[in-house]
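Some notes on the structure that comes next.
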Amino acid sequence: MQSEKLTSRTPLLLTITVILLVVLRIAVWSVETSKTQEPDGIKWQEPSKADLAGISDYQPKLVFYYFCEENSEPCRRVNHGALLNKNVVKLVNDSFLPIRVLSQPGTELSKELQQRFGVSMCPAFVIALPNGNEIGMQEGYFGMSARNLLSFIKYCKQRKEYVAGLDYLSHDQYEQAAQALQTWFQTKDRFDSQALDGALFCALAHMMLFRENAAQQVLAKIRNSQYENDSNWPQPLVQFLLGKLSATDLLRMCDHQDNRQSQSLYFTGMIELRNGNLQGAVNNFRQVDKINEVSPEIRSLINGQLSITGNPKN
Amino acid sequence: MNKAIIMHSFLRLARPGTLMTLVMFVLVYPTALIAFISRLPSVSFDFEAFANLVFGPMMINVAAFTFVSSSIGNTKSLDDGEYLALLFSRPIFRWVYVVSKWLAGFALVVLVIGSQTIVFKTLLQLIGRGDQLSVGFIDVANIILNSLQITALVAMIFAFPSRIGAMLFAGLLYLSFAAPMMFNAIPDSALWFHGDLHNIVNSISGCLRSFTYAPIDLDPYFNSIQILWLPIITFASNLAIYIWIAVVVLNNREFFYTN
Chain A
1 MQSEKLTSRT PLLLTITVIL LVVLRIAVWS VETSKTQEPD GIKWQEPSKA DLAGISDYQP
61 KLVFYYFCEE NSEPCRRVNH GALLNKNVVK LVNDSFLPIR VLSQPGTELS KELQQRFGVS
121 MCPAFVIALP NGNEIGMQEG YFGMSARNLL SFIKYCKQRK EYVAGLDYLS HDQYEQAAQA
181 LQTWFQTKDR FDSQALDGAL FCALAHMMLF RENAAQQVLA KIRNSQYEND SNWPQPLVQF
241 LLGKLSATDL LRMCDHQDNR QSQSLYFTGM IELRNGNLQG AVNNFRQVDK INEVSPEIRS
301 LINGQLSITG NPKN
Chain B
315 MNKAIIMHSF LRLARPGTLM TLVMFVLVYP TALIAFISRL PSVSFDFEAF ANLVFGPMMI
375 NVAAFTFVSS SIGNTKSLDD GEYLALLFSR PIFRWVYVVS KWLAGFALVV LVIGSQTIVF
435 KTLLQLIGRG DQLSVGFIDV ANIILNSLQI TALVAMIFAF PSRIGAMLFA GLLYLSFAAP
495 MMFNAIPDSA LWFHGDLHNI VNSISGCLRS FTYAPIDLDP YFNSIQILWL PIITFASNLA
555 IYIWIAVVVL NNREFFYTN
């Protein structure tokens with residue numbers, strides 16, 4: 001019994017260490033939470049009304065929005081973690097216009113900006129073109145490490161070409177669209193679904209410029225790519241652009257799948273437009289209204305075309 | 315630190331049940347994950363996704379609870395039954411037992427997570443997507459530090475008698491994560507107390523969370539424009555508190571050995 005008492009003693013050194021560390025923890029925590037001075041990191045700007053309409057076409061930098069809340073623990077962690085990373089700070093200050101949108105009660109502007117980009121939780125990062133078109137968004141604390149934030153920023157810098165390409169396409173600026181989309185899918189290491197979409201739109205832009213050879217080269221890349229899925233989907237669209245499949249057959253092959261149907265209706269509409277059949281094109285674009293789920297990209301492209309052809313859609 | 319206790323903890327791995335779980339962790343899980351990933355050629359996974367699935371703090375948690383939990387303060391259910399009572403009838407300091415078990419558990423967890431990562435990385439390389447996961451010095455250091463901390467947490471929880479330990483664990487998880495999440499879903503206007511209640515609750519749960527789950531990431535310390543002291547102090551103090559509580563609890567438990 002005596003020996004058990006001797007072996008059941010808590011070492012004094014351990015107890016003292018615990019007390020010291022707890023005191024130190026409380027002290028550091030109170031110092032860090034009472035800090036009001038921002039570290040000399042990202043040079044944030046306040047949001048303005050101009051952000052709602054898209055800042056400016058003349059401002060060449062991409063816009064880096066950071067949506068955060070004042071008393072939120074996850075936001076505090078991002079502020080003191082990923083946003084203090086020197087690579088993130090340098091990249092954001094050099095290549096972006098950084099705007100911090102602080103979500104506070106009574107600030108309508110921050111609410112409107114959140115609605116505009118569909119931000120549902122803080123912290124969130126949105127990277128957009130100067131005209132306000134969103135390139136990419138990342139929400140929530142999980143996965144918000146400096147390394148992930150850096151790869152998100154780099155990805156958005158690449159994807160900029162894709163978003164800009166679609167923007168040009170919706171404004172009938174086919175030359176610029178082809179150039180931007182070509183840059184986009186050529187920067188991708190693997191021919192994934194995003195590179196594939198870029199290549200399809202690029203081929204379409206070439207077709208609209210009556211550059212059959214250039215379009216065929218791009219389409220050949222899609223045909224030779226290792227991208228495969230069960231239904232071999234993009235191949236019917238490729239066959240249609242090559243003139244080997246009729247529009248009716250293409251739409252029949254969509255197999256009642258909303259995304260494929262809307263994509264096919266856009267492509268067939270654009271080819272009708274190219275052939276000078278304006279009414280046929282508008283009819284195709286309008287059929288998209290009957291489809292439940294349409295991707296925002298196709299929706300925006302069709303809206304752009306309808307507004308150009310004088311048939312704006314509500 | 316007692317070499318015999320450490321060796322005994324390692325020998326426990328040689329039992330059929332534990333070996334099967336080990337194979338599941340090190341071989342079956344990464345292979346299944348790779349088979350799933352190879353079916354999605356068009357989807358790019360980011361580093362964070364891979365890290366969380368293979369060697370992130372959550373995975374270390376799972377490994378620590380699986381391999382270490384049963385061997386701290388509740389060994390009656392094991393094959394060697396009353397060995398803890400027999401051990402404590404010998405002149406062995408209980409704090410030495412706790413520290414030895416903690417270090418043995420830490421080594422086991424690092425071994426399991428390390429092997430799992432190596433298998434995963436090799437298989438990823440085989441399907442031609444090895445470039446999507448580069449494990450560097452900082453990641454290895456993160457695995458080591460997080461294993462050290464999480465094993466200490468497991469040692470603390472399972473130093474209590476099993477029922478109390480389970481309630482403590484569930485209670486801490488509930489108060490740190492589930493309760494504030496549910497509370498934050500209630501709008502201010504629906505609360506009986508109008509004031510800064512949300513902030514108070516969030517501060518308390520944040521404090522508890524920093525005690526229950528505070529994984530460390532070394533990446534900011536190598537690349538930050540400012541040194542972050544709080545996570546370092548939190549890490550060190552958590553480690554000391556876990557071990558201290560485990561020692562105090564085990565010192566106050568009675569183990570009777572009757573032949």
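Taken in order, these protein sequences are the chains called A and B. Mapping to the numbering used here: the first sequence position 279 is 279, numbers consecutive. Mapping to the numbering used here: the second sequence position 53 is 367, numbers consecutive. Think of the CB as a built atom: it goes at the ideal place given N, C-alpha and C, for glycine as much as any other residue.
Residue i (DSSP reduced to helix, strand or coil)
{"i": "residue 97 of chain A", "result": "strand"}
{"i": "residue 135 of chain A", "result": "strand"}
{"i": "residue 46 of chain A", "result": "coil"}
{"i": "residue 85 of chain A", "result": "strand"}
{"i": "residue 73 of chain A", "result": "helix"}
{"i": "residue 254 of chain A", "result": "coil"}
{"i": "residue 65 of chain A", "result": "strand"}
{"i": "residue 103 of chain A", "result": "strand"}
{"i": "residue 374 of chain B", "result": "helix"}
{"i": "residue 448 of chain B", "result": "coil"}
{"i": "residue 141 of chain A", "result": "coil"}
{"i": "residue 9 of chain A", "result": "coil"}
{"i": "residue 239 of chain A", "result": "helix"}
{"i": "residue 276 of chain B", "result": "No statement about residue 276 of chain B is possible, as the shown extent of chain B runs from 315 to 573 and does not include it."}
{"i": "residue 296 of chain A", "result": "helix"}
{"i": "residue 494 of chain B", "result": "helix"}
{"i": "residue 301 of chain A", "result": "helix"}
{"i": "residue 188 of chain A", "result": "coil"}
{"i": "residue 78 of chain A", "result": "helix"}
{"i": "residue 211 of chain A", "result": "coil"}
{"i": "residue 472 of chain B", "result": "coil"}
Whole-angstrom distance between residue j and residue i, CA atom to CA atom
{"i": "residue 282 of chain A", "j": "residue 306 of chain A", "result": "7 Å"}
{"i": "residue 557 of chain B", "j": "residue 18 of chain A", "result": "9 Å"}
{"i": "residue 489 of chain B", "j": "residue 63 of chain A", "result": "39 Å"}
{"i": "residue 98 of chain A", "j": "residue 119 of chain A", "result": "17 Å"}
{"i": "residue 32 of chain A", "j": "residue 458 of chain B", "result": "27 Å"}
{"i": "residue 455 of chain B", "j": "residue 410 of chain B", "result": "26 Å"}
{"i": "residue 16 of chain A", "j": "residue 334 of chain B", "result": "42 Å"}
{"i": "residue 101 of chain A", "j": "residue 407 of chain B", "result": "57 Å"}
{"i": "residue 304 of chain A", "j": "residue 111 of chain A", "result": "27 Å"}
{"i": "residue 230 of chain A", "j": "residue 213 of chain A", "result": "Caution applies to residue 230 of chain A, whose pLDDT of 46 falls short of 50 and renders its modelled position unreliable; the model cannot decide the point."}
{"i": "residue 73 of chain A", "j": "residue 122 of chain A", "result": "10 Å"}
{"i": "residue 325 of chain B", "j": "residue 259 of chain A", "result": "57 Å"}
{"i": "residue 263 of chain A", "j": "residue 151 of chain A", "result": "29 Å"}
{"i": "residue 494 of chain B", "j": "residue 487 of chain B", "result": "11 Å"}
{"i": "residue 96 of chain A", "j": "residue 182 of chain A", "result": "23 Å"}
Where the alpha helix (DSSP H) through residue i begins and ends
{"i": "residue 535 of chain B", "result": "533-537"}
{"i": "residue 483 of chain B", "result": "476-487"}
{"i": "residue 575 of chain B", "result": "Given a span of 315 to 573 for chain B in the structure shown, any question on residue 575 of chain B remains unanswerable."}
{"i": "residue 41 of chain A", "result": "Careful: residue 41 of chain A lies outside any alpha helix (DSSP H) and carries neither H nor E."}
{"i": "residue 171 of chain A", "result": "Careful: residue 171 of chain A lies outside any alpha helix (DSSP H) and carries neither H nor E."}
{"i": "residue 287 of chain A", "result": "278-287"}
{"i": "residue 420 of chain B", "result": "408-440"}
{"i": "residue 198 of chain A", "result": "193-208"}
{"i": "residue 543 of chain B", "result": "543-565"}
{"i": "residue 350 of chain B", "result": "343-352"}
{"i": "residue 540 of chain B", "result": "Per DSSP, residue 540 of chain B belongs to no alpha helix (DSSP H) and is neither H nor E."}
{"i": "residue 111 of chain A", "result": "108-117"}
{"i": "residue 281 of chain B", "result": "An answer regarding residue 281 of chain B cannot be provided, because it is not within the stretch 315 to 573 covered by chain B."}
{"i": "residue 309 of chain A", "result": "Element bounds for residue 309 of chain A: n/a, residue is neither H nor E."}
The beta strand (DSSP E) enclosing residue i, as first and last residue numbers
{"i": "residue 125 of chain A", "result": "124-128"}
Exposure label - residue i; buried when at least 16 CB within 10 Å
{"i": "residue 47 of chain A", "result": "buried"}
{"i": "residue 268 of chain A", "result": "buried"}
{"i": "residue 453 of chain B", "result": "buried"}
{"i": "residue 246 of chain A", "result": "exposed"}
{"i": "residue 70 of chain A", "result": "exposed"}
{"i": "residue 501 of chain B", "result": "exposed"}
{"i": "residue 440 of chain B", "result": "exposed"}
{"i": "residue 572 of chain B", "result": "Residue placement at residue 572 of chain B is flagged as unreliable, the pLDDT there being 48, under the threshold of 50; a coordinate-derived value is accordingly withheld."}
{"i": "residue 206 of chain A", "result": "buried"}
{"i": "residue 13 of chain A", "result": "exposed"}
Assumed close pair residue i, residue j - CB separation to whole angstroms, cut-off 8 Å
{"i": "residue 423 of chain B", "j": "residue 381 of chain B", "result": "7 Å"}
{"i": "residue 301 of chain A", "j": "residue 169 of chain A", "result": "6 Å"}
{"i": "residue 159 of chain A", "j": "residue 135 of chain A", "result": "5 Å"}
{"i": "residue 384 of chain A", "j": "residue 93 of chain A", "result": "This structure gives no information on residue 384 of chain A, because the portion of chain A shown stretches from 1 to 314."}
{"i": "residue 378 of chain B", "j": "residue 464 of chain B", "result": "5 Å"}
{"i": "residue 437 of chain B", "j": "residue 446 of chain B", "result": "The Cβ separation is near 12 Å, so there is no contact."}
{"i": "residue 185 of chain A", "j": "residue 178 of chain A", "result": "The pair is not a contact, with the Cβ atoms about 11 Å apart (cut-off 8 Å)."}
{"i": "residue 88 of chain A", "j": "residue 544 of chain B", "result": "Contact flag wrong, Cβ pair sits at about 19 Å."}
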